[in-house]
Amino acid sequence: MAGNQGNYRENPTRNEKKYKKANGQPRLKEKSSRAKSDNVCPYAKKCGGCDYQGVEYKEQLKTKQAYMKKLLKPFCFVEPIVGMKNPLYYRHKVHAAFDCTRRGQIVAGAYRKNTHDVVDIESCMIEEQESDEIIRDIKDMLRSFRIKTYDEDTGYGLLRHVLVRKGYATGQIMVVLVLASPILPSKNNFVKALRKKHPNITTVVLNVNDKKTSMVLGDRNITLYGKGFIEDKLCGCTFRISPGSFYQVNPVQTELLYEKAIHEAHLTGKERIIDAYCGTGTIGIIAAKNAGEVIGVELNRDAIRDAVINAKRNDIRNIRFYNDDAGKFMVEMAQKGEKADVVIMDPPRTGSDEAFLSSVVKLSPERVVYVSCGPETLARDLKYLTKHGYTVKRATPYDCFPFTSHIETVCCLTFQGR
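Heads up: the sequence shown runs through residues 1104 to 1521, numbered per my numbering.
Shown next, in the form of structure tokens:
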């Protein structure tokens, strides 16, 4: 991002000095201001889920802002980070690993940092509360239904994980039971008992993961109750969420993030947009309302299936989806002499590879909107794009994951020519 650097100082501020970098993420020093004791998570020293537990939220935001300013200083001005009014209980996708101790106690929760030892968690300060209650009740039901937890070392046992998704706008709840076998004893009675405790559950899915793998979900889903998916609303559109669908976990911040991304595209209703790494089509479908044409490209076949359904569900007719590698797809477009006005890219935390970035350069859209969840890989990718004709206008960080070191960022790039 070669852009306006006029707002930067040569010497780092006090806040910029306060963080220390580890694994490409901003880290607070031990002496950073601490929150009041009644706001500190009791699992802070055990669970590997959060980095900033016990730290005042304002301090977290200052640390992330300073980190992004330092990281992106060679490229552009970084706008103030967009934080949350209420940074607690924001995760609407909750995952719990299940295990059994040597003494026979069933535990459910998150892995201890850098291990596969399960920390037994009764309630989490960043997870949606009803979802936590569901997981807690499932744990209590296992003995009466004689369901054993899966042992990673021996390969024996049945229940591996439970995944709960709750629609923020709709309130619909999906419970995914990840089992090592497609057979759940007394499955109808189990579902009936669970729904008696939680009548808001709209669907229950059995996911089969019978491989010795660290992956949570397997490839096969069996619907035990309901439709096998839930729906939620985002930016005025309705989206189908299946067990394996990618859907942002923080709906409040995601709406702000996507609105910013579409604002940076400067749409007039005539543009041809490529939504690269489109997943289930969320950004592209939202953008389609203000564009001439949207092309969504995604390598995951299941995601493309959901994207097509989502477009029909929202009566969006000016969008097409392709099950293909986005970089390869854009190179072929450029070779055919086709053009795109805007590329919106939302890659995984590992960022894009050079093959994809070179395809952006070959296609040369007027604007590139980069939605990033990996600050280090964002800086790496911006370095490539700014060497090949692009200028970064600005970057806006969003705190979609309070109490963790993760940061989402929206960058706007414009093509200046080679």
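Ideal placement from N, C-alpha and C gives every residue a C-beta, glycine not left out.
Under the three-state reduction of DSSP, which class applies to residue i: helix, strand or coil?
{"i": "S1475", "result": "strand"}
{"i": "A1169", "result": "helix"}
{"i": "G1331", "result": "coil"}
{"i": "N1291", "result": "helix"}
{"i": "K1148", "result": "coil"}
{"i": "K1300", "result": "helix"}
{"i": "K1336", "result": "strand"}
{"i": "V1355", "result": "helix"}
{"i": "A1402", "result": "The question names Ala, but residue 1402 in the sequence shown is Leu. In this structure, L1402 counts as coil in the three-state DSSP scheme."}
{"i": "L1282", "result": "strand"}
{"i": "E1255", "result": "coil"}
{"i": "T1326", "result": "strand"}
{"i": "A1364", "result": "helix"}
{"i": "E1469", "result": "coil"}
{"i": "I1224", "result": "coil"}
{"i": "R1452", "result": "coil"}
{"i": "A1199", "result": "strand"}
{"i": "P1505", "result": "coil"}
{"i": "I1276", "result": "strand"}
{"i": "R1343", "result": "strand"}
{"i": "T1489", "result": "helix"}
{"i": "E1396", "result": "strand"}
{"i": "R1194", "result": "strand"}
If you follow the beta strand (DSSP E) that residue i is in, where does it begin and where does it stop?
{"i": "R1497", "result": "1493-1501"}
{"i": "I1241", "result": "Premise fails: I1241 lies in the alpha helix (DSSP H), 1232-1244, not in any beta strand (DSSP E)."}
{"i": "Y1214", "result": "1209-1214"}
{"i": "A1379", "result": "1375-1379"}
{"i": "V1265", "result": "1262-1269"}
{"i": "T1204", "result": "Looking at the DSSP string, T1204 is not in any beta strand (DSSP E), and its letter there is neither H nor E."}
{"i": "I1447", "result": "1445-1448"}
{"i": "V1513", "result": "1511-1518"}
Assuming residue i is part of the alpha helix (DSSP H), what are its boundary residues?
{"i": "V1464", "result": "1457-1466"}
{"i": "G1387", "result": "1385-1391"}
Tell whether a beta-carbon distance below 9 Å holds between residue i and residue j.
{"i": "F1424", "j": "A1414", "result": "yes"}
{"i": "V1445", "j": "V1472", "result": "yes"}
{"i": "A1200", "j": "Y1146", "result": "no"}
{"i": "G1190", "j": "I1229", "result": "Here residue 1190 turns out to be Pro, not Gly, going by the sequence shown. Cβ atoms of P1190 and I1229: closer than 9 Å."}
{"i": "I1447", "j": "I1377", "result": "yes"}
{"i": "E1255", "j": "R1497", "result": "no"}
{"i": "R1263", "j": "S1234", "result": "no"}
{"i": "A1394", "j": "E1401", "result": "no"}
{"i": "R1408", "j": "G1454", "result": "no"}
{"i": "G1372", "j": "G1384", "result": "no"}
{"i": "R1404", "j": "N1426", "result": "yes"}
{"i": "T1305", "j": "I1276", "result": "yes"}
{"i": "P1354", "j": "F1332", "result": "no"}
{"i": "L1478", "j": "M1171", "result": "It is Pro, not Leu, that sits at residue 1478 in the sequence shown. In this structure, M1171 lies closer than 9 Å to P1478 by Cβ."}
Using a Cβ distance threshold of 8 Å, determine whether the stretch 1418-1433 contacts the stretch 1442-1461, with at least three qualifying pairs required. Taking 8 Å as the limit for Cβ pairs, the verdict is that the stretch 1442-1461 does touch the stretch 1418-1433.
Give, in chain order, every unbroken run of the alpha helix (DSSP H) that is at least 4 residues long and sits entirely within the stretch 1410-1441. 1429-1438
At a cut of 8 Å, does the stretch 1350-1363 reach the stretch 1193-1203 through at least three beta carbon pairs? Flag = yes, the stretch 1350-1363 and the stretch 1193-1203 touch.
Would you call the stretch 1383-1391 and the stretch 1362-1370 touching, i.e. three or more CB-CB distances under 8 Å? yes
Would you say the stretch 1282-1298 touches the stretch 1314-1333, given that touching needs at least three Cβ pairs under 8 Å? As far as the Cβ criterion goes, the stretch 1282-1298 touches the stretch 1314-1333, which means the pair count is three or higher.
Specify whether the stretch 1167-1183 and the stretch 1258-1271 touch according to this definition: at least 3 beta carbon pairs, one from each stretch, less than 8 Å apart. no
Between the stretch 1200-1210 and the stretch 1162-1169, do three or more beta carbon pairs fall short of 8 Å? no
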